[in-house]
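So the sequence shown is numbered by this note's numbering: it starts at -2 and just counts up by one. Idealized CB from N, CA, C, for every residue including glycine. Fair warning: this is a prediction, and the values are worked out from it, not measured in the lab. Please read the structure below before turning to the comments.
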Amino acid sequence: METQSAKAYEPGDVESKWYPLWEQRGYFRANLDSTKPRYSIVLPPPNVTGSLHMGHALNITLHDVLVRWKRMKGFDVLWLPGTDHAGIATQNVVERRLAGQGLHRTDLGREKFEAVVWEWKEQAEKNILTQIRRLG
């Protein structure tokens, strides 16, 4: 019986099959009670500016390689990605978005501006963490 290979690799098909299984089996959790040797990496948090760029992708890929290698070597691994939600870069993005609407942060007042920044942070952070998951 002859089987045909796909004409092109579809990463979404593969990811949707394996990633939930990896999460279910706890492959991304460290065990505090483990007697295995420990290894940890903390991802320098990207600013919450909307999307990751190629530099982030390179850094995350290198971390992913190291983490997987250590897991294969029997280490209990903690890889802790996150985001920097309080950065000036985040504020700058929000101010540019407001400027596109003809507004300045002082037009909103402090409380309203902070609320807009936090709302943006929630949206952008969700996007960034999804991108991190898709990268590794």
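Task: Proximity below 9 Å, CB of L40 to CB of W76 - done: For the purposes of this step, residue 40 is taken as the residue at position 43 of the sequence shown. For the purposes of this step, residue 76 is taken as the residue at position 79 of the sequence shown. Taking 9 Å as the cut-off, the beta carbon of L40 is found closer than this to the beta carbon of W76.
- [ ] Go to R65, then tell me how far its beta strand (DSSP E) extends in each direction, as first and last residue.
- [x] Here residue 65 is taken as the residue at index 68 of the sequence shown, counted from 1. Run containing R65: none in the beta strand (DSSP E); it sits in the alpha helix (DSSP H), 51 to 69.
Task: Three-state secondary structure assigned by DSSP to N124 - done: For this step, residue 124 is matched to residue 127 along the sequence shown. The three-state secondary structure of N124, taken from DSSP, is helix.
Open item on the list: Could you compute how far the alpha carbon of G79 sits from the alpha carbon of I129?
Closed with: For the purposes of this step, residue 79 is taken as the residue at position 82 of the sequence shown. For the purposes of this step, residue 129 is taken as the residue at position 132 of the sequence shown. Approximately 9 Å between the Cα atoms of the pair.
Task: Buried or exposed (CB count within 10 angstroms, at least 16 for buried), I85 - done: Here residue 85 refers to the residue found at position 88 when the sequence shown is read from its first residue. A residue is called buried when at least 16 other Cβ atoms come within 10 angstroms of its Cβ; I85 does not meet this threshold and is exposed.
Task: Cα-Cα separation, S2 to F25 - done: Along the sequence shown, read from residue 1 onward, the residue named residue 2 stands at position 5. Along the sequence shown, read from residue 1 onward, the residue named residue 25 stands at position 28. So the alpha carbons of these two residues sit roughly 31 Å apart.
Open item on the list: For the stretch 20 to 38 against the stretch 60 to 74, do three or more pairs of beta-carbon atoms, one drawn from each stretch, fall closer than 8 Å, so that the two count as touching?
Closed with: Touching, per the Cβ criterion.
Open item on the list: Can you tell me where the alpha helix (DSSP H) holding L100 begins and where it ends?
Closed with: As a position in the sequence shown, residue 100 is number 103, starting the count at 1. Taken as a continuous stretch (DSSP letters only), L100 belongs to no alpha helix (DSSP H), as it is neither H nor E.
Task: Cβ-based neighbour list, V45, same chain, cut-off 6 Å, excluding 5 preceding and 5 following - done: For the purposes of this step, residue 45 is taken as residue 48 along the sequence shown, with counting starting at 1. Once the five neighbours on either side are set aside, the close Cβ partners of V45 are T80, H82, T87, K118, A121, E122.
Open item on the list: What would DSSP say about N89, mapped onto helix, strand or coil?
Closed with: If you number the sequence shown from 1, residue 89 lands on position 92. Three-state result, N89: helix.
- [ ] Taking only the alpha-carbon atoms, compute the straight-line gap between H50 and K33 and give it to the nearest angstrom.
- [x] As a first step, residue 50 must be located in the sequence shown, where it is residue number 53. As a first step, residue 33 must be located in the sequence shown, where it is residue number 36. Going from the Cα of H50 to the Cα of K33 covers about 35 Å.
Open item on the list: Here's the rule I'm using: 16 or more other beta-carbon atoms within 10 Å means buried, otherwise exposed. How should K109 be labelled?
Closed with: For the purposes of this step, residue 109 is identified with residue 112 of the sequence shown, where counting begins at 1. Here K109 is exposed. Its C-beta has fewer than 16 other C-beta atoms within 10 Å.
TODO: Classify L29 as helix, strand or coil using the three-state DSSP reduction.
DONE: Within the sequence shown, residue 29 is the residue found at index 32, counting from 1. It is coil, neither helix nor strand.
- [ ] Taking only the alpha-carbon atoms, compute the straight-line gap between N124 and G106 and give it to the nearest angstrom.
- [x] Sequence index remark: in the sequence shown, residue 124 carries index 127 (1-based). Sequence index remark: in the sequence shown, residue 106 carries index 109 (1-based). The alpha-carbon atoms of N124 and G106 are separated by roughly 27 Å.
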